[in-house]
Each structure stands twice: as structure tokens, then as C-alpha cells.
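The listed protein sequences derive, respectively, from chains A and B.
Anchor point for the first sequence: position 351 equals 351 in this note's numbering, and the numbering is continuous, going up by one each time.
Anchor point for the second sequence: position 199 equals 199 in this note's numbering, and the numbering is continuous, going up by one each time.
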Amino acid sequence: MSEIFQKLRAITNDKTLSPKQKAHYLALEAENMLPYPDLDADVAKALEQRVICDMYEGHAPYKPRYVLPDFSVVLKNGSEYLELPVPETLDEAINTLMIAYHHTPSVTGIPVYIGQLDDLLLPFCDGVSDDDLHRKIKLFWRYLDRVLPDAFMHANIGPTDNRVARAILRVDAELKQIAPNLTFFYDPDISSDAILKMATDNIVECSKPHIANHPIHRDTFDERGYGIVSCYNALPVAGGASTMPRLNLLEVAKRATSIADFFDNTLPHYMELNFRLGQARLDYLFNHSNFFTSFLVDEGWIARDRFTVMYGIFAMAEAVNTLQDIEGREGRYGFDDAANALGLKMSEMMAGIVENRPMENVWRGRAMLHSQAGLSTDAVTTPGVRIPYGTEPDPVSHVLALAPHHQFYTSGISEILTVDETVKNNPEAMLQLCKGALAHGFREFTANVASNDLVRVTGYMIRLSDVEKFQACEGSRTNTTALGSEAANMTGILDRKPRVVGQELSPKFAS
Amino acid sequence: MGRPDTHAIANKILTYSIVDGPGNRLVIFLQGCNFNCASCHNPYTIGTCDHCGDCVPACHANALSISGGKVIFDPANCDQCDDCLTICPISASPMVHEISVDDIVNIARTHRAFLSGITVSGGEATQQLKFITALFTAIKAAPDLRDLTCFVDTNGQLSAKGWDALLPVTDGVMLDLKGFDPALHTTLTGQNNTLVLHSAQIAAGAGKLHEFRFLAIPGKTDTAAEISALINFLTPFGPDIRLRLNAFQHHGVRGVARQWDKMEQAGIERIKAALLAAGFENITTPALYL
Ligand code: SF4
Ligand code: SF4
Chain A
1 MSEIFQKLRA ITNDKTLSPK QKAHYLALEA ENMLPYPDLD ADVAKALEQR VICDMYEGHA
61 PYKPRYVLPD FSVVLKNGSE YLELPVPETL DEAINTLMIA YHHTPSVTGI PVYIGQLDDL
121 LLPFCDGVSD DDLHRKIKLF WRYLDRVLPD AFMHANIGPT DNRVARAILR VDAELKQIAP
181 NLTFFYDPDI SSDAILKMAT DNIVECSKPH IANHPIHRDT FDERGYGIVS CYNALPVAGG
241 ASTMPRLNLL EVAKRATSIA DFFDNTLPHY MELNFRLGQA RLDYLFNHSN FFTSFLVDEG
301 WIARDRFTVM YGIFAMAEAV NTLQDIEGRE GRYGFDDAAN ALGLKMSEMM AGIVENRPME
361 NVWRGRAMLH SQAGLSTDAV TTPGVRIPYG TEPDPVSHVL ALAPHHQFYT SGISEILTVD
421 ETVKNNPEAM LQLCKGALAH GFREFTANVA SNDLVRVTGY MIRLSDVEKF QACEGSRTNT
481 TALGSEAANM TGILDRKPRV VGQELSPKFA S
Chain B
1 MGRPDTHAIA NKILTYSIVD GPGNRLVIFL QGCNFNCASC HNPYTIGTCD HCGDCVPACH
61 ANALSISGGK VIFDPANCDQ CDDCLTICPI SASPMVHEIS VDDIVNIART HRAFLSGITV
121 SGGEATQQLK FITALFTAIK AAPDLRDLTC FVDTNGQLSA KGWDALLPVT DGVMLDLKGF
181 DPALHTTLTG QNNTLVLHSA QIAAGAGKLH EFRFLAIPGK TDTAAEISAL INFLTPFGPD
241 IRLRLNAFQH HGVRGVARQW DKMEQAGIER IKAALLAAGF ENITTPALYL
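Below, the structure is given as C-alpha cells:
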């Protein structure tokens, strides 16, 4: 007991966390005093050795990891439970959304998805002048950053060129806030060149938004649509993801005796254990936690059968390099054709296994492969299938080396391309790089500009100036700075060649 | 030795460049220059190798050899130490390769989705005028490539006749001027500036002068006389002429110019202020001072 008391005390007395942040970590510690859902011995051992990982989501999953409410429901019907009438004006619509966000559960307690904002708000914009729209969005944006300060909170816009999307892009570049994160859906058949240029000009300005390859995502999901949430997770709207068990490919590779052994035995073995870890957590959530008795289900914001499982993998670079070492080959991941081919073979094989492994209480009965961006406590490993920090080739070679992987990671994959600051004199270059990456099958285009204060660590944004302040022990208003500075200290993330740098990243209290 | 007009000697090819014209560009750096600027930041592109062989023993990595009186370069062994560049008596490089129009067209094709255009640079690109004319003609003739803009980055040392051949297939010219005072220009480059100034007028007259660049060197080209000559020369081109001020830096420079002062940001801002006051609106200054 004294050990847990010490830990709780360290949280309550922490100098930098806000009371709300402390309450979050305290609740997590309490949850973790409960016994873990039943795991068989093999799964338990692999989890303990962190070959597989539960993202420290907690011992008693009582909420899905990511929830993507269909906010159009509350805008259309109001809410009986929340005693909300049907909104009629833009002010009422925004106010309804602001209330709805507070009832959206997530792994961090802050919503990761705030909706396809242009689709949601456009019907309320008739008769609203551009000036008024701009002012209202600006206030909305300020509210989001100050009240829900987490870089994992994600807004979506596009693919059409419309007034709301334009107003949001304009406000986002003006305010340069960490929150919300933003993705523009790009479809070459629908989006205008002008709005894409506006989006890529914003990247030059503040390293946001992400650009999603809409045709590819659209075809992966169904009519009810998808959302990009948290960092760059693509998930069904009116559902989400229940959990994300993830596999550390480096640890798997270390347990192989040869490349053949890796593909024939080690990888399939640990993949199966990771499925079982996920299923155990799902069973608890669906059969014991009573989550799905929520009004969110009754009123149709979410549906019990629209939650997928994100099958996370990371540290491909280190896994490939380890296997290369075992075979006595020098070629490194990201630079050598044979090493790159080995990585691609892993992606292809994992996608096949995920596609053929049924799971219960999962959307369409199958998990979705995800190239996972990492936690602030991951040392030595590189997010997903990325090329290690500080060694990336130029952005075009980078895209060409990694593009073939993208088809396999249906619930999300992203590379952060670092572009040096000379792009500020030449923003057309950002537009062209984006078009090139998407044309080559990238599901998502994400770039950082070297000199921007607002930078991306793995999938979320932090302000470099906030990290400096935080490390000087002043604390930070935003949840993600704590994560970001932990990540920067442990993982060398700011070594990312000139690279731009969220609660989800630091799921545990780091004493 | 005759080389077909469809071939050229290249020092380097980049498939990613955001500093050589609008957007992301495929850049071909051709070897050899007809100026000899002390301020050059890649002097090893000036000379053309005469296969003297001096650099071969200097290579510690066995990347250079002589065969049939010619220096052969093996990129697989090279670790980019640049010792061969330092030793070369004529500012040439053994690490060059012959390229053809077809080679470049193929590279442009594989990288098409990422490219806004192609830029030939150098060295002095227009020294291999027939090659670049053939290349640009081929790009314009290919339905899948014709939207790529073709730019040339030049010191301007090209005759009117040369421009007659090149301009019809060129979308944009980026021209560097090293100084207005003829004697100063000769000291800085080894040539006078008559052709250069004329070239700028020809390109501007055709509506194709994409960018005029001026290299500011402290005590040499940042003087009041030079800046007022710059203003007088550019005025006929109109206030929206795209003007880039480059600051002399030591990076890559060798020889006497190492002793010259670097151009600081304050000096560049001062020149920019004078140009703004003269009505020019489109002035780019360095993103970085090294
Ligand atoms: S590169 Fe220079 S040193 Fe080497 S052979 Fe050619 S001219 Fe001689
Ligand atoms: S740079 Fe020149 S000297 Fe150095 S390894 Fe390459 S060829 Fe040899």
C-alpha cells in the first residue's frame, strides 16, 4: 500500500499538473488497482514483456478508446436526455456542439473528434455574413483551445470548397493554437485547387492541417462516413475504436532467429497474442462495463456495432534493421531497397492476418491495421513504419520509400515530412509535395516547417516555446505539452531533422 | 571531343528542390562556367575536367581510376569526402556524369506528381545551350509533361542569338547579376557585364524574367552607387519585378573571398528599404543567414 500511496501523493502534490489533470491521473491509478481482464498465460507474459501493449488504457475498459459521435443527430433532433431543443441559428448550432463535446467520452476525457464542421455548420450559415462567420468561428476556436486543451481533439473539414472550411482555415492560421487539430479531406474531383492551396499555405504558416486522401478513406468505410481523429486515426463515424492493442515489432524481431523464423513463427505468434489481448479488453467493455446503455446509443449519436479495433504496430524501422543484422546485411530501413522490401513484406503479411482473423463485437468483424505513432515513454523505437528521427531522406524520397505501405493501414498511417523554412518563400512547393504524396497513395499528408513554433511531435502539435517553459517548470495550460516534453526528452523527437513537434501520448503519470 | 546535342555533363541532379524557382523542381546542375567568381559557393562546378589525373591518388576510397586516358568515377565507393574537389587545379570535378535528354525526361516522368517544373542550373547552364534547348523542347512535346514549367538559372552570359534559340521553349529565366560597375564586375567574375545586362532586358522583354537576383557583398556591391544603379536598371521592368537579394556568405566559398566580410541581415534590410522606397514591391530576402 505504501508504494501506491506514494504514487498518489506524487500526483496530488505535483507542481505542474492542473487539478483537472491530477484528477485524471488519480482516476487512472484507481482503475488500475482492479484486476486486469482475464488473460491467458501467454498473453499475460507478452504484455508484461511489452512485446504487446495495451496503451496503458487501464485495467477496466469502461469507455471506448475513441468515440466519434454523429453530431448531425443532435443538430437535427436536439437531445431529450440533455434537454436541448433543435438549434435554428448558427449560434445555437455552435452552442449545441459545445455542449455535446462535454458528453463525448474518450481515453483522455477530452473528445478526440469534434465533427465534420463544415457539413455540420453550413446549413446554419444562410444569411450570416462572412465577417460574422469569421468572428463566430474565432470565438468557437478560442473556446476549444482554452476549455478542451488537448492536441488530440480533432476537427475535420472538406472535401468541398465552402465558406465554413475557408473561415476555419483562416482562423486556424491566425490563432496558431495547438487545439483543435485539423484535417482537410482532399478529393481531386471535388476540392478546388484554391482551397487545397489555402490548406497547404496554412501548413507553411503553422504546420496544420493534415490533408486526408478522401477517395481512399471513403472507399475504406461506408455511407455513414469516417472521421480523422486524434493524430491521424481513420474511424467510422457514429462509432469509433474500442481499443488499440499494439505490437512492438522490434521486440518481435528480437525473438526471431532468422528472417524466415520471423515470418513463419514469431510474427504470427505475437500477432495472435495481440488479438487475444484486444478481445479480452473488448469483452470487458461490451459485456461488463454497461457503456452501451448510454443516451448516446439511445439517441443514435453512436451505434454499438460501429466500433472497430485498431490493430497498432510500431517500430518497423528497428525491426527491419534487427533482422538485417541477424542476416548480416548492412542495408538500413528507409535507404536500402532490400531493407525496404522486408518492411513492405511485413506490412502486407500483417494486413493479410488482420483481414482473416474474426473478432467479436467489432465493426464488420475484423480489426483494422494501424501504423501507431508512439507514446511519450517509447525510447529507441520509431513510430509506426516511419524512418527514424534525424535520418529521413528528402521529402520526395521519403514519400516514395513509404507510399507502398499506405494501402495496408486502413485505420491510419502518417509520415511527418519535414520541410525546411525556405518553403516560406515558395509555398507552391508545399502544394506540389502534397499533391505528389496523395497521387502516390499516401492516405494522409502531414508536414512540418522547420522554423515554426507550432510543431508536431508524432501526430499531435506542441509549441516549442511551451516545452521550454514546461521544462523550466512553469507548467502548461495544455495537456499535450506534458506529453510532448516527455516525448522530447525520451525519444529524441526534436532531433527529427528540422521538425515541427498531446494526454493520449502520456497515458500514465510519469513521476 | 564531340558530344551529341542531346547529351550534357551534369554535376548533380535533384528531384527535390524548393529554392530553384516556383514550387518543387527537378534541378539539373550542369558542369562548367564561363565566369570565375571568387564568391562562388560551389566552385567545383566551374571547370571542366581535362583528365589530368591529379585527383586519382587523392581519393582514399578507390572511387577514382584512370582508364584509356580518362578519369572514371565509381559512385558506389565514394563517401563524399570532397578531397578530389580540393585538389583539382582547375575547379573541376571528377564526380560528374554524362546525361541525355531521355534520362531527364524519364526522371521527370517518375517524379511527375511531385514536380512543378524543371530548372537547369550550374555551373552555367547556357554553356550547354543545345542540350537545354533539346530538353525543354522534349518536355513541351510530351503530353504528360508539358505542364511542367521549364526554367533556366543563368549568369546571363549569353548572346541575343542564344536567347533566340532558348526563349521560345523557356517559361522563366532567373538571372544573377554580380555588379553594375563594369570594372567591379570584371574583378568579381573575370568578364564584363555587357551581355548580362542585355540578357536581362531580352528576358524581361519577352515577359519571361521570373526573377532578377543581386548578390550583395559588403564594401563591393552594397555601395550607394551600386544600389542606385540597380534601381535605375530595374525601373523600366516595372514595380512588380521579382527581385531576390542574396547575401554573400562563406559557406562553400574558397580562396580570397574567404577573407571578405559576410553580408549581414541588417545590410540586406537596408538595401531592401531603399528598393521599397524606390517603389519595388516584390523583394525576397534570404530565409537564412549562415
Ligand atoms: S577533376 Fe580536376 S584533378 Fe581530377 S582529372 Fe579532372 S581536371 Fe584533373
Ligand atoms: S569525394 Fe572524391 S576523393 Fe572523396 S571519396 Fe568521393 S571521389 Fe574520392
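Ideal Cβ positions, reconstructed from N, Cα and C, are used throughout, including at glycine.
Keep in mind it's a predicted model, so treat the numbers as computed, not measured.
Closer than 7 Å by beta-carbon distance: list the chain B residues that pair up with residue 439 of chain A, in chain order. For residue 439 of chain A, the C-beta contacts it makes with chain B under 7 Å involve 113, in order along the chain.
Do the segment 81-97 of chain A and the segment 39-46 of chain A meet, that is, are 3 or more Cβ pairs less than 8 Å apart? Taking 8 Å as the limit for Cβ pairs, the verdict is that the segment 39-46 of chain A does not touch the segment 81-97 of chain A.
So if DSSP puts residue 245 of chain B in a beta bridge, which residue, or which two residues, is it bridged to? As computed with DSSP, residue 245 of chain B is found in a beta bridge with B:214.
Based on Cα-Cα distance, which residue from B:197, B:60, B:64, B:116 lies nearest to residue 21 of chain B? The shortest C-alpha separation from residue 21 of chain B is found at B:116.
Member of A:149, A:144, A:132, A:195 whose CA lies at the smallest distance from the CA of residue 162 of chain A: Nearest C-alpha to residue 162 of chain A: A:195.
Where residue 242 of chain A falls: helix, strand or coil (DSSP): Three-state result, residue 242 of chain A: strand.
Taking 8 Å as the cut-off, does the segment 120-135 of chain B touch the segment 26-38 of chain B (at least 3 CB pairs, one atom from each stretch)? Contact between the segment 26-38 of chain B and the segment 120-135 of chain B is present: three or more C-beta pairs spanning the two stretches fall below 8 Å.
Alpha-carbon spacing of residue 18 of chain A relative to residue 78 of chain B, whole angstroms: About 56 Å.
Excluding sequence positions up to five away, which residues of its chain have a Cβ less than 8 Å from the Cβ of residue 72 of chain B? Cβ within range, chain order: 64, 65, 66.
Can you pull the chain B neighbours of residue 425 of chain A, defined as C-beta to C-beta under 7 Å? Within chain B, the residues near residue 425 of chain A are 284, 287.
Residue 186 of chain B versus residue 395 of chain A: straight-line alpha-carbon distance, rounded: A straight line joining the alpha-carbon of residue 186 of chain B with that of residue 395 of chain A spans about 40 Å.
For residue 15 of chain A, count neighbouring C-beta atoms within 10 Å of its own C-beta (all shown protein chains included) and say buried if the count is 16 or more, exposed if not. Counting Cβ neighbours within 10 Å, residue 15 of chain A comes out exposed, since fewer than 16 surround it.
At 9 Å on the CB atoms, spell out the chain B contacts of residue 436 of chain A, in chain order. In chain order: 24, 111, 112, 113, 114, 115.
At a CB distance below 9 Å, what residues from the segment 12-40 of chain B approach chain A? Give them in sequence order. Result list: 14, 15, 16, 17, 18, 19, 21, 22, 23, 24, 25.
For the segment 198-218 of chain A against the segment 430-444 of chain A, do three or more pairs of beta-carbon atoms, one drawn from each stretch, fall closer than 8 Å, so that the two count as touching? The segment 198-218 of chain A, when compared against the segment 430-444 of chain A, does touch it at the 8 Å Cβ threshold.
Under 8 Å Cβ-Cβ, which residues of chain B neighbour residue 396 of chain A? The answer, in chain order, is 15, 16, 24, 111, 114.
Residue 485 of chain A versus residue 4 of chain A - alpha carbon distance: Low confidence applies to residue 485 of chain A: its pLDDT is 49, below 50, so where it sits in the model is not reliable, and the reading given next is rough at best. The C-alpha of residue 485 of chain A lies about 25 Å from the C-alpha of residue 4 of chain A.
In terms of residues, what are the limits of the beta strand (DSSP E) holding residue 150 of chain B? Counting along the chain, the beta strand (DSSP E) containing residue 150 of chain B begins and ends at 149-154.
Residues surrounding ligand 2 [beta-carbon distance to nearest heavy atom under 7 Å]: Any residue whose Cβ sits closer than 7 Å to a heavy atom of ligand 2 makes the list: B:55, B:58, B:59, B:60, B:61, B:63, B:64, B:73, B:77, B:78, B:79, B:80, B:81, B:82, B:83, B:84, B:85, B:94, B:95.
Exposed unless 16 or more other CB atoms sit within 10 angstroms - verdict on residue 61 of chain A: Per the 10 Å Cβ criterion, buried.
Taking 6 Å as the limit between beta carbons, can you name the residues of its chain near residue 286 of chain A, skipping five residues before and five after? Counting only Cβ-Cβ distances below 6 Å, and skipping sequence neighbours, we find 361.
Would you kindly work out how many angstroms separate the C-alpha atoms of residue 279 of chain B and residue 289 of chain B, rounded to a whole number? If you take the alpha carbons of residue 279 of chain B and residue 289 of chain B, they lie about 26 Å apart.
Is residue 51 of chain A near ligand 1, judged by its Cβ being under 6 Å from some heavy atom? The answer is no for residue 51 of chain A.
Under the DSSP definition of a beta bridge, which residues are partnered with residue 444 of chain A? Bridge partners of residue 444 of chain A: A:212.
Would you verify that the beta carbon of residue 432 of chain A is, or is not, closer than 7 Å to some beta carbon of chain B? Judged by the 7 Å Cβ criterion, residue 432 of chain A is in contact with chain B.
Does the beta carbon of residue 179 of chain A come closer than 7 Å to any beta carbon on chain B? Taking Cβ atoms only, chain B never reaches closer than 7 Å to residue 179 of chain A, which makes this a no.
Between the alpha carbons of residue 94 of chain B and residue 88 of chain B, how many angstroms are there, rounded? Cα atoms of residue 94 of chain B and residue 88 of chain B: separation of roughly 9 Å, rounded to the nearest angstrom.
What's the C-alpha gap between residue 55 of chain B and residue 287 of chain B? Cα atoms of residue 55 of chain B and residue 287 of chain B: separation of roughly 36 Å, rounded to the nearest angstrom.
Beta-carbon within less than 7 Å of residue 27 of chain A's beta-carbon, same chain only, minus the 5 sequence neighbours each way: which residues are those? So the list is empty, once near-sequence residues are dropped.
C-alpha gap between residue 256 of chain B and residue 90 of chain B, whole angstroms: If I take the Cα positions, the gap works out to 16 Å.
Does the beta-carbon of residue 53 of chain B, which I'm using as the reference point, lie nearer than 6 Å to any heavy atom of ligand 1? Yes, Cβ of residue 53 of chain B sits closer than 6 Å to a heavy atom of ligand 1.
Is residue 49 of chain B a contact residue of ligand 1, with contact defined as CB to any heavy atom under 6 Å? For ligand 1, at least one heavy atom lies less than 6 Å from the Cβ of residue 49 of chain B.
Looking at the C-beta of residue 429 of chain A, does it have a partner C-beta in chain B at a distance below 7 Å? Chain B, which has a Cβ nearer than 7 Å to the Cβ of residue 429 of chain A, makes this yes.
Where does the unbroken beta strand (DSSP E) through residue 177 of chain B begin, and where does it stop? For residue 177 of chain B, the uninterrupted beta strand (DSSP E) run begins and ends at 172-177, by DSSP.
For residue 17 of chain B, collect the residues of the same chain with a Cβ closer than 8 Å to its Cβ; drop the 5 residues on either side in sequence, then sort them by chain order. Listed in chain order, the non-local C-beta contacts of residue 17 of chain B below 8 Å within the same chain comprise 24, 25, 26, 27, 119, local neighbours out to five positions each way being set aside.
Check whether the Cβ of residue 318 of chain A lies closer than 7 Å to any Cβ atom in chain B. No, residue 318 of chain A lies away from the interface with chain B (no Cβ there is under 7 Å from its Cβ).
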